[in-house]
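>
Protein chains in written order, with the numbering used here: chain A, 203 to 584; chain B, 203 to 584.
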């Protein structure tokens, strides 16, 4: 009767026209027709990345793109500064280790954003840092890191600036060229609102210089091969791509172009603001520091005496809304509302209303209606 | 007006019900509902691999599965015996090199199958060979290697037997347990007739022992992580999988179960026999040695005086049939007909008939109707 509403930080709801595009017949991935689709998709990716660089879609998850970013520039012993304030920051560091790198960790307390001065201090102290990795939107904590400010600092050093925008691109400000980002990666199933299973990467000339001097330790994600195949006319991928997901990505990117990237980001910011207003009005506490709150996912502290199983179970089984739990040591201690992709006030109102009913039923002391009122007021005053 | 008929060695034609399954709404990849779908899909994969081992679907192309196979068992300096008789044999060797291995190459002339005695001789001579890689069906040459016979030899040595069945599984005999295969990989878009973008791998206990002792040099394709996530209840994947392609794989595997694996393989063998009979009746020469011919793809020498562009261009533009060209040094010298997946006598007759017309139009001396007659006779006498 009800379609489940995905209010998780990916995969997000996919528009019917994207699903329809995905179900078109398979064509030869080495044909001119597919080359045109690939070209158009990669060009739209560059528009969304706001870069003049070539972009590449990859058949794999966002993690594959993270490995493509690090695995193509890291050799044994290379120092990589990893800014780690959550699960995905940790992942970047683990990937650097897998490829023989010697990570320098800048630990940030979960829930906080990195202080750009701390990045500067390490870059001053440590010699030969080859790359700095940062996760723009830390999906695990609902924190947005100041990638523009950190970019201004990294620019003064001889290190590549590698940014994970898996859960922010298309939903928050990401100016790859404007921020001095050398390598940027993203995933299909978050703010871009395409189905999961595809990722994208873009590299500038400085990054390619390093890639060309690095003995790549990944075969499937070897970017030199992607560049070579991409230069063919019509362009190709080095290995058989997911043809259907390419159709879907193209259609999802068309929707973004129709909405307008700026409009879309404003819509995400408003959804985030409304979500935060709604949960705070219910008396719940946000996990992220106020100045660090994400525009695409909100992490909320689990109310005293209520279990993750009860809260998310009721939301799922009674109201058909999927929320996300906490990851690693936050398991059971926070729950997360994703507001990414095709999210309007309708979904936010629905979610906060169901949350009110769920909390009430579970014995949490609240005044019914206060949450949805705060959401509505946020939208009205925007 | 016409839908293009894909007679290439992948991607192959996908059944409408598989495309329909793929366009279902996205669900949470960490939900019990998705866990059930994943479990069923992996279990059916094990049935098709004909193994008692656990199988894992991977979000990536067949090459990703090849790298998962080699990258999880190869460390710096490890000796890997690579049987190389075509492009995909070369790929296995390049992957071993990427992961620090010291490949020992057993070169086989393109168009021939490996002689199992040659494998035995190398295993006798060379010490400490950690793994033997072989491509069952060399898509680039239309050759099937004798994986059962080679398996009998490898069994007597302390080396893992790693078999690429990307373009044979579901279309030719592959008994993973029966042949003593330690690691077997495949792709979605060949004989399984699912859309491209997904791969699968299965490992036995001997393989896992080596994986556990090996420092894995790939993050995205780290099989220890797949095992750990797969052991959860409900099972998960370590990173966000392609939810839509998982739906598609499940549906494609359901179709295989309905047809029956044995029946399906017989159908492929007959399609191969009919294709070979058809092209030989037209006076064309097969590229593969007669005793080495593949059951899923046929490579044909380009007739004197006819260009690849004219032959495949006419087939594509006039008859809406995609054939494949030659790869690497075979470019322009061979063309290939894939007869994988949902292929019946109808597609073979159509293809050989169009080939007759194309060749006639390009000035090749042939007796019209001889090719289709040979196809029909093969089917009638089966």
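All C-beta atoms, glycine included, are put in the ideal place defined by N, C-alpha and C.
Here the structure is a predicted model, which means the values were calculated and not measured.
Quick one: give me the first and last residue of the beta strand (DSSP E) that residue 537 of chain B is part of.
As a first step, residue 537 of chain B is located in the second chain; it is residue number 335 there, counting from the start. Residues 536-540.
> Can at least three beta-carbon pairs, one atom from the region 391-401 of chain B and one from the region 259-266 of chain B, be found at a separation below 8 Å?
Yes, the region 391-401 of chain B is in contact with the region 259-266 of chain B.
> Evaluate residue 399 of chain A with the Cβ neighbour count: other Cβ atoms within 10 Å of its Cβ, from every protein chain shown; 16 or more gives buried, anything less gives exposed.
Here residue 399 of chain A corresponds to residue number 197 of the first chain, with the count starting at 1. By the 10 Å Cβ count, residue 399 of chain A comes out buried.
> Might you give, ordered along the chain, the residues of its own chain that have their beta carbon closer than 8 Å to the beta carbon of residue 437 of chain B, omitting 5 neighbours on each side?
As a first step, residue 437 of chain B must be located in the second chain, where it is residue number 235. These residues qualify, in order along the chain: 237, 240, 241, 244, 431.
> Does the distance from the CB of residue 582 of chain B to the CB of residue 508 of chain B come in under 8 Å?
Sequence index remark: in the second chain, residue 582 of chain B carries index 380 (1-based). Sequence index remark: in the second chain, residue 508 of chain B carries index 306 (1-based). Their beta carbons are not under 8 Å apart, which means residue 582 of chain B does not touch residue 508 of chain B by this criterion.
> Suppose the cutoff is 6 Å on Cβ atoms and the five residues either side in sequence are ignored; what does the same chain contact list for residue 339 of chain B look like?
Reading the second chain from its first residue, position 137 is the one you call residue 339 of chain B. Cβ within range, chain order: 346, 369, 370, 496, 498.
> Between residue 222 of chain A and residue 231 of chain B, what straight-line distance do the alpha-carbon atoms span, to the nearest angstrom?
As a position in the first chain, residue 222 of chain A is number 20, starting the count at 1. As a position in the second chain, residue 231 of chain B is number 29, starting the count at 1. About 20 Å.
> If the cut is a Cβ gap below 7 Å, which residues of chain A does residue 529 of chain B touch?
In the second chain, residue 529 of chain B corresponds to position 327, counting from 1. By Cβ distance, chain A contributes nothing, its closest Cβ being about 10 Å from residue 529 of chain B, past 7 Å.
> Check whether the Cβ atoms of residue 349 of chain B and residue 310 of chain B lie closer than 8 Å to each other.
Along the second chain, read from residue 1 onward, the residue named residue 349 of chain B stands at position 147. Along the second chain, read from residue 1 onward, the residue named residue 310 of chain B stands at position 108. No, the Cβ-Cβ distance between residue 349 of chain B and residue 310 of chain B is not below 8 Å.
> Who are the neighbours of residue 491 of chain B on chain A, taking C-beta pairs under 7 Å?
Reading the second chain from its first residue, position 289 is the one you call residue 491 of chain B. Those do not exist, as residue 491 of chain B stays about 27 Å from chain A at its closest Cβ, beyond 7 Å.
> Identify the contact partners of residue 588 of chain A in chain B, using a Cβ-Cβ distance below 9 Å as the criterion.
Absent from the structure is residue 588 of chain A, since the part of chain A shown begins at 203 and ends at 584.
> Within the same chain, show all residues whose beta-carbon is closer than 6 Å to that of residue 292 of chain B, passing over the 5 residues directly before and after it, in chain order.
For this step, residue 292 of chain B is matched to residue 90 along the second chain. Excluding residues within five positions, the ones whose Cβ falls inside 6 Å are 286.
> Comparing C-alpha positions only, which one of A/505, A/315, A/366 sits nearest to residue 267 of chain A?
Counted from its first residue, the first chain places residue 267 of chain A at position 65. Cα-wise, what sits closest to residue 267 of chain A is A/366.
> Note down, one range per segment and in chain order, each alpha helix (DSSP H) of at least 4 residues found wholly within the region 399-433 of chain A.
For the region 399-433 of chain A, whole alpha helix (DSSP H) runs of length 4 or above, ordered along the chain, are 407-415, 425-432.
> For the 8 Å Cβ check, are there 3 or more pairs between the region 380-388 of chain B and the region 396-412 of chain B?
Result yes; three or more Cβ-Cβ pairs closer than 8 Å.
> Residues in its own chain within less than 6 Å of residue 475 of chain B by CB, not counting five upstream and five downstream?
Counted from its first residue, the second chain places residue 475 of chain B at position 273. The answer, listed in chain order, is 580.
> In chain order, what residues of the same chain have a beta carbon less than 8 Å from the beta carbon of residue 573 of chain B, not counting five sequence neighbours either side?
Taking the second chain and counting its residues from 1, one reaches residue 573 of chain B at position 371. If we look at residue 573 of chain B and ignore the five residues flanking it on each side, its Cβ neighbours are 480, 481, 483, 484, 554, 555, 557, 558.
> DSSP three-state label for residue 523 of chain B, please.
Along the second chain, one-based indexing puts residue 523 of chain B at 321. Note: residue 523 of chain B maps to strand in three-state DSSP.
> How about residue 282 of chain B and residue 305 of chain B: are their beta carbons less than 8 Å apart?
Your numbering for residue 282 of chain B matches position 80 in the second chain. Your numbering for residue 305 of chain B matches position 103 in the second chain. The answer is yes: Cβ separation under 8 Å.
> Nearest to residue 337 of chain B by CA position, among B/541, B/460, B/363, B/419, is which residue?
Mapped onto the second chain, residue 337 of chain B falls at position 135. The residue with the shortest Cα to Cα distance from residue 337 of chain B is B/363.
> Taking 8 Å as the CB-CB limit, is residue 332 of chain B close to chain A?
Position 130 of the second chain holds residue 332 of chain B. No, residue 332 of chain B does not count as interfacial toward chain A.
> Could you check the C-alpha separation between residue 584 of chain A and residue 545 of chain A for me, to the nearest Å?
What you label residue 584 of chain A is simply residue 382 of the first chain in a count that begins at 1. What you label residue 545 of chain A is simply residue 343 of the first chain in a count that begins at 1. Looking at the two C-alpha atoms, the distance is approximately 16 Å.
> Taking only runs of the alpha helix (DSSP H) that begin and end inside the region 293-373 of chain B, which ones reach a length of at least 4 residues, in chain order?
DSSP runs (the alpha helix (DSSP H)) wholly in the region 293-373 of chain B: 318-327, 349-356.
> Helix or strand or just coil, what does DSSP make of residue 208 of chain B?
In the second chain, counting from the first residue as 1, residue 208 of chain B sits at position 6. In the structure shown, residue 208 of chain B sits in a strand (DSSP, three-state: E or B).
> Under the DSSP definition of a beta bridge, which residues are partnered with residue 281 of chain A?
For the purposes of this step, residue 281 of chain A is identified with residue 79 of the first chain, where counting begins at 1. Note: residue 281 of chain A sits in a beta bridge opposite A/304, A/331.
> Comparing alpha-carbon positions, which option in A/452, A/531, A/395, A/511 lies nearest residue 373 of chain A?
Reading the first chain from its first residue, position 171 is the one you call residue 373 of chain A. When only C-alpha atoms are compared, the closest one is A/395.
> Taking the alpha carbon of residue 462 of chain B as the reference point, which residue from B/424, B/249, B/535 has its own alpha carbon closest?
Residue 462 of chain B sits at position 260 when you count from the first residue of the second chain. Measuring from the Cα of residue 462 of chain B, the nearest candidate turns out to be B/249.
> The alpha helix (DSSP H) with residue 248 of chain A in it runs from where to where?
By 1-based counting over the first chain, the position of residue 248 of chain A is 46. Taken as a continuous stretch (DSSP letters only), the alpha helix (DSSP H) holding residue 248 of chain A covers 234-251.
> Measure the Cβ-Cβ separation of residue 254 of chain B and residue 379 of chain B and say whether it is below 8 Å.
The residue given as residue 254 of chain B occupies position 52 in the second chain. The residue given as residue 379 of chain B occupies position 177 in the second chain. Their beta carbons are under 8 Å apart, which means residue 254 of chain B touches residue 379 of chain B by this criterion.
> Can you confirm whether residue 297 of chain B, when its beta carbon is compared against all beta carbons of chain A, has any partner nearer than 8 Å?
The sequence position of residue 297 of chain B within the second chain is 95, counting from 1. Cβ-Cβ to chain A under 8 Å: yes for residue 297 of chain B.
> Could you work out which residues of chain B lie near residue 583 of chain A, taking near to mean beta carbons separated by less than 8 Å?
For the purposes of this step, residue 583 of chain A is taken as the residue at position 381 of the first chain. Ordered by position in chain B, no residue passes the 8 Å Cβ test against residue 583 of chain A, which lies about 33 Å from the chain.
> Considering only the beta carbon of each residue, do residue 473 of chain A and residue 541 of chain A sit closer than 8 Å?
Residue numbering aside, residue 473 of chain A sits at position 271 when the first chain is read from its first letter. Residue numbering aside, residue 541 of chain A sits at position 339 when the first chain is read from its first letter. Going by C-beta atoms, residue 473 of chain A is nearer than 8 Å to residue 541 of chain A.
> So which residues on chain B does residue 443 of chain A lean against when the C-beta distance must stay under 8 Å?
By one-based count along the first chain, residue 443 of chain A stands at place 241. The answer, in chain order, is 263, 398, 399.
> Assuming the contact rule is C-beta atoms closer than 8 Å, residue 560 of chain B and residue 516 of chain B should be a hit. Round their C-beta distance to whole Å, please.
Locating residue 560 of chain B in the second chain gives position 358, where the first residue counts as 1. Locating residue 516 of chain B in the second chain gives position 314, where the first residue counts as 1. With a Cβ gap of about 4 Å, residue 560 of chain B and residue 516 of chain B count as contacting.
> Taking residue 258 of chain B as part of the alpha helix (DSSP H), name the residues at either end of that continuous run.
Walking along the second chain from the start, residue 258 of chain B turns up at place 56. No alpha helix (DSSP H) holds residue 258 of chain B; the beta strand (DSSP E) holding it covers 257-261.
> For the alpha helix (DSSP H) holding residue 480 of chain B, just list the boundary residues, first then last.
The residue you call residue 480 of chain B lines up with position 278 of the second chain. Element bounds for residue 480 of chain B: 463-483.
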